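Engineer: Under the working numbering, the first residue of the sequence shown carries the number 2, and numbering increases by one thereafter.
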Amino acid sequence: MHNISIKNNYFVLAILGIIICLMLFNPTIIIFILFSTILIIFLIITGIAIVSKPHRFLILLIIYVVFQNLIAIILAKNLGGSTSQAFILGKDLLVYIGLVVAYVINFKKYKITLPDLFAFLYLIILSIYLLVPSDAPIFAKLVQYRQLSTPVILFLLGRLMFISKERTITILKFLVYISVISVLFGYLERFILGDQFWITIGITDFLVSKGMESWAYGVGGLPGNFYTFDYYAILGTSFRRLVSFVADPTLYGQFLVFPIGILLFTKLFTGKKRNVFAVILLIGLVLTLSKGGIFALGIAIIFKIFRSKYRPIGYLALFFFTIITFFIINNASLFSSLPHHINGLFHNIELTIANPFGLGLGEAGNFAKLYSDGSSEVIGAGESYIGMLLGQIGIFSVPFLLFFLTLINFFRRSHVKTPYMRELFVLFAALNIGVLCSSMISESAISFISSGILYLMSGVVITNKTIQKEN
């Protein structure tokens with residue numbers, strides 16, 4: 002045993018000697034070795050988590066989504082913008098590593114469905130558009146590729162995780178709990194801490210690190226969307242929106258739709274706890290003044306009513322909802338931002354008619370305008386996810402729309418035996434319909450933070466169904 006210990010010590014000393022020599026002659030090599038070592042360790046840990054406790058891996062992603070922006074803001078002020086952006090990209094790296102590891106481990110058990118097929122086809126099309134040369138800056142193309150691919154990447158990750166029904170319930174309950182905590186913090190930052198809290202921790206530095214300093218036009222360098230003037234005609238002043246840890250009211254409002262749906266459409270929570278949590282989250286959603294989030298939830302609730310014994314009430318609710326929607330659209334000028342959302346859809350439809358294959362990645366949407374270097378003659382309008390998609394890839398948006406429609410149809414038409422699965426299928430059908438409708442007038446409706454967890458769990462629940470069918 003003593004000889005073995007001596008040999009091990011010599012081995013360690015030899016490795017250290019090699020590393021020191023490499024540092025003296027070429028420091029880049031040691032940096033590469035250290036990075037590679039960290040990456041390998043990270044891959045091993047991710048693989049172990051996916052194999053042994055995959056639900057914990059998804060819970061980690063949920064925590065990352067909720068706290069990402071708050072941590073990134075603090076990092077931007079204290080350690081610089083590069084560190085802040087590296088932290089944000091770490092979430093995406095985690096997803097891609099998880100996807101690869103899950104595929105390698107579970108591909109033999111994986112049974113392809115129609116939504117999967119359209120998801121793969123859509124990713125291939127996006128990749129081709131990314132590689133095709135265009136006038137758009139490469140950074141803008143990469144940002145848009147990430148934005149457009151996120152929903153299907155997360156869906157496929159969920160499909161490949163093979164999480165049990167019991168663990169799925171654990172994840173959904175955790176999402177509700179962390180959402181309640183986030184709304185309570187939202188009340189704190191909105192009514193007690195105030196704007197100075199965000200200014201002090203460095204939100205302006207955060208926006209600068211993302212190249213979004215033009216959006217920091219609020220008081221003290223706050224993001225402009227912290228306040229809304231949509232109701233100025235009624236209130237006579239701007240209104241401060243609830244932003245919570247996410248530090249973005251539009252994204253946060255969309256994020257809350259999923260946990261609210263869990264409380265309203267399922268029996269995972271019952272009694273007083275369910276009612277209290279629902280009230281907390283609903284008030285939080287209203288205070289975000291997220292039009293897309295409220296619209297998505299309204300559509301989802303109407304769908305849920307149609308799938309219940311109160312179907313006649315559904316027709317009445319749909320009638321009034323349609324009347325209100327048309328009234329708001331016809332009086333869009335009363336709301337400062339609504340005309341931009343409507344224009345975001347119709348302007349890009351016009352561009353698609355003139356350019357059937359789209360303008361190319363990085364040529365439409367809010368990020369295209371933000372990161373454009375002026376080399377493009379025409380940029381498609383923002384504020385509409387579907388519009389932004391059409392503006393960039395034109396008729397090749399069809400696979401994405403078919404992915405959405407087949408996903409909704411899977412949840413809507415599948416026959417399931419247990420009440421638990423029936424509730425979940427109605428929940429996911431309703432929410433996906435709501436998000437799809439909302440994405441027509443809101444670019445933030447579909448993103449990692451706003452609805453990424455919905456796509457992730459949609460994949461998980463479909464895999465639950467396929468496993469149940471095999472058993």
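Glycine included, every Cβ here is placed at the ideal spot set by N, Cα and C.
Small disclaimer: the values here were computed from a predicted structure and weren't measured.
Pull up the distance between the alpha-carbon of residue 376 and that of residue 124, whole angstroms please.
Structural biologist: Since pLDDT at residue 376 reaches only 49, below the 50 mark, its modelled position is unreliable, and no value is offered.
Engineer: Could you compute how far the alpha carbon of residue 191 sits from the alpha carbon of residue 370?
Structural biologist: When rounded, the distance between both Cα atoms is 30 Å.
Engineer: Are the CB atoms of residue 442 and residue 225 nearer to each other than 9 Å?
Structural biologist: No. Outside cutoff.
Engineer: I'd like the span of the alpha helix (DSSP H) that includes residue 245, first residue to last.
Structural biologist: Unbroken run through residue 245: none, as it is neither H nor E.
Engineer: By DSSP, does residue 454 sit in helix, in strand, or in coil?
Structural biologist: In the structure shown, residue 454 sits in a helix (DSSP, three-state: H, G or I).
Engineer: Residue 108: which of 257, 367, 158 sits nearest, CA to CA?
Structural biologist: The option with the nearest alpha carbon to residue 108 is 158.
Engineer: Looking at the unbroken alpha helix (DSSP H) that takes in residue 389, where does it start and where does it end?
Structural biologist: Residues 386-394.
Engineer: From residue 188 to residue 204, what does the alpha carbon distance come to, in whole angstroms?
Structural biologist: Going from the Cα of residue 188 to the Cα of residue 204 covers about 18 Å.
Engineer: Could you round the C-beta distance between residue 283 and residue 263 to whole angstroms and report it? I think they count as a contact, below 8 Å.
Structural biologist: That belief does not hold up - the Cβ atoms of residue 283 and residue 263 are roughly 13 Å apart, past 8 Å.
Engineer: Alpha carbon to alpha carbon, how far is residue 66 from residue 310?
Structural biologist: Their Cα atoms are separated by approximately 36 Å.
Engineer: With DSSP collapsed to three states, give me the class of residue 412.
Structural biologist: Note: residue 412 maps to helix in three-state DSSP.
Engineer: Which same chain residues end up closer than 8 Å to residue 147 when comparing Cβ atoms and leaving out the 5 residues on each side of it in sequence?
Structural biologist: Excluding positions up to five away in sequence, the list reads 93.
Engineer: Using a Cβ-Cβ cut-off of 8 Å (strictly less than) and excluding sequence neighbours within five positions of residue 270, which residues of its own chain qualify?
Structural biologist: Here the set comprises 174, 177, 263, 264, 278.
Engineer: Tell me which residues share the same chain as residue 328 and place their Cβ nearer than 6 Å to its Cβ, disregarding the 5 neighbours each side in the sequence.
Structural biologist: Here the set comprises nothing.
Engineer: Counting along the chain, where does the alpha helix (DSSP H) carrying residue 227 start and finish?
Structural biologist: That residue, residue 227, is in no alpha helix (DSSP H); it is neither H nor E in DSSP.
Engineer: I want to know whether the segment 408-424 touches the segment 126-134 - three or more CB-CB distances under 8 Å.
Structural biologist: Contact fails: fewer than three Cβ-Cβ distances are below 8 Å.
Engineer: Determine, using beta-carbon pairs with one atom in the segment 203-219 and one in the segment 70-79, whether at least three such pairs fall under 8 Å.
Structural biologist: Short answer: they touch.
Engineer: For residue 240, write down the residues that DSSP places opposite it in a beta bridge.
Structural biologist: Answer is 229.
Engineer: Put residue 441 into one of helix, strand or coil per three-state DSSP.
Structural biologist: Coil.
Engineer: Kindly list the residues whose CB is nearer than 6 Å to the CB of residue 122, restricted to its own chain and excluding five residues on each side of it in sequence; keep chain order.
Structural biologist: Taken in chain order, the residues that qualify are 400.
Engineer: Taking Cβ to Cβ, would you say residue 389 is nearer than 9 Å to residue 349?
Structural biologist: Yes, these two residues count as a Cβ contact at 9 Å.
Engineer: In the DSSP assignment, find the alpha helix (DSSP H) that holds residue 117 and state where it starts and stops.
Structural biologist: Segment 115-132, the alpha helix (DSSP H) holding residue 117.
Engineer: Going straight from the alpha carbon of residue 416 to that of residue 465, what length do you get?
Structural biologist: The straight-line gap from Cα to Cα measures roughly 13 Å.
Engineer: Is the beta carbon of residue 445 closer than 9 Å to that of residue 317?
Structural biologist: No; because the gap between Cβ atoms is not below 9 Å, this pair is not in contact.
Engineer: Grab me the residues of residue 312's own chain with a C-beta within less than 8 Å of its C-beta, minus the 5 sequence neighbours each way, in chain order.
Structural biologist: Excluding sequence neighbours, residue 312 sits near 306.
Engineer: CA-CA distance, residue 241 and residue 345?
Structural biologist: Distance between the alpha carbons of residue 241 and residue 345: 24 Å.
Engineer: My parser needs the beta strand (DSSP E) runs of 3 or more residues fully inside the segment 151-224; what are they?
Structural biologist: For the segment 151-224, not a single whole beta strand (DSSP E) run of length 3 or above is found.
Engineer: Give me the Cα-Cα distance between residue 457 and residue 155, rounded to the nearest whole angstrom.
Structural biologist: Roughly 5 Å between the two C-alpha positions.
Engineer: Hey, quick one: how far does the alpha helix (DSSP H) through residue 260 stretch, first residue to last?
Structural biologist: From DSSP, the alpha helix (DSSP H) with residue 260 extends over 250-266.
Engineer: Where do the ends of the alpha helix (DSSP H) carrying residue 274 lie?
Structural biologist: Per DSSP, residue 274 belongs to the alpha helix (DSSP H) from 272-289.
Engineer: Decide if residue 347 is buried, meaning its Cβ has at least 16 other Cβ atoms within 10 Å, or exposed.
Structural biologist: Exposed: under 16 other Cβ atoms inside 10 Å.
Engineer: Could you name the residues of the same chain whose beta carbon sits closer than 7 Å to that of residue 151, not counting the 5 residues immediately before and after it, in chain order?
Structural biologist: Contacts found: 448, 449, 453.
Engineer: Pick out whichever of 391, 298, 360 has its Cα sitting closest to the Cα of residue 439.
Structural biologist: Here the closest residue by C-alpha is 298.
Engineer: Can residue 259 and residue 455 be called in contact, C-beta distance under 9 Å?
Structural biologist: Closer than 9 Å, so yes.
Engineer: Over what stretch of residues does the alpha helix (DSSP H) that includes residue 419 continue unbroken?
Structural biologist: Element bounds for residue 419: n/a, residue is neither H nor E.
Engineer: From what residue to what residue does the alpha helix (DSSP H) around residue 55 run?
Structural biologist: It spans 55-79 - the alpha helix (DSSP H) in which residue 55 sits, taken as one unbroken run.
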